[in-house]
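Novice:
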Amino acid sequence: MDWHATVEWASGEPAAVELTVDVGSLAVQRGDGGVTGLSGPGKALARSNALKSLDGKRFPHIRFRSESVTATDVGFRLDGTLEI
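Using this note's numbering, the first residue of the sequence shown is number 345, and each one after it goes up by one.
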């Protein structure tokens, strides 16, 4: 999967995060929960359906931009805008 992320830091803490993912690079890693697992052709069909749903040719990128970064007990919470 092709993606790029940047993190801006302030006083040793993350202050802003931006992530961009190339829709065409998305891949199906595994499929669980059905009667049988996904085979190679099943994964290819799932990927093809996802790319059609996302209209990857017209909208080639998924982007996330944080509006706030808040420390939690186990890491950080990112609140922001997700563009699909």
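Where is the CB? At the ideal position from N, CA and C, for every residue including glycine.
Pick helix, strand or coil for L363, following the three-state DSSP scheme.
Specialist: Note: L363 maps to strand in three-state DSSP.
Novice: I'd like to know whether the C-beta atoms of F408 and L395 end up nearer to each other than 8 Å.
Specialist: It is not a contact, given that the beta carbons lie outside the stated cut-off.
Novice: Hey, would you say V372 sits closer than 8 Å to V413, going by beta carbons?
Specialist: Result no, Cβ atoms of V372 and V413 do not sit closer than 8 Å.
Novice: For V351, write down the residues that DSSP places opposite it in a beta bridge.
Specialist: Answer is V361.
Novice: Within this structure, are the beta carbons of G381 and G375 separated by less than 8 Å?
Specialist: Closer than 8 Å, so yes.
Novice: Helix, strand or coil, according to DSSP, for R407 in the structure here?
Specialist: Three-state result, R407: strand.
Novice: Compute the Euclidean distance between the alpha carbons of L370 and V379, then round it to the nearest angstrom.
Specialist: Between L370 and V379, the C-alpha separation is close to 24 Å.
Novice: Could you pull out every residue in the same chain whose Cβ sits closer than 7 Å to the Cβ of H348, ignoring the five residues on either side in sequence?
Specialist: Around H348: T364.
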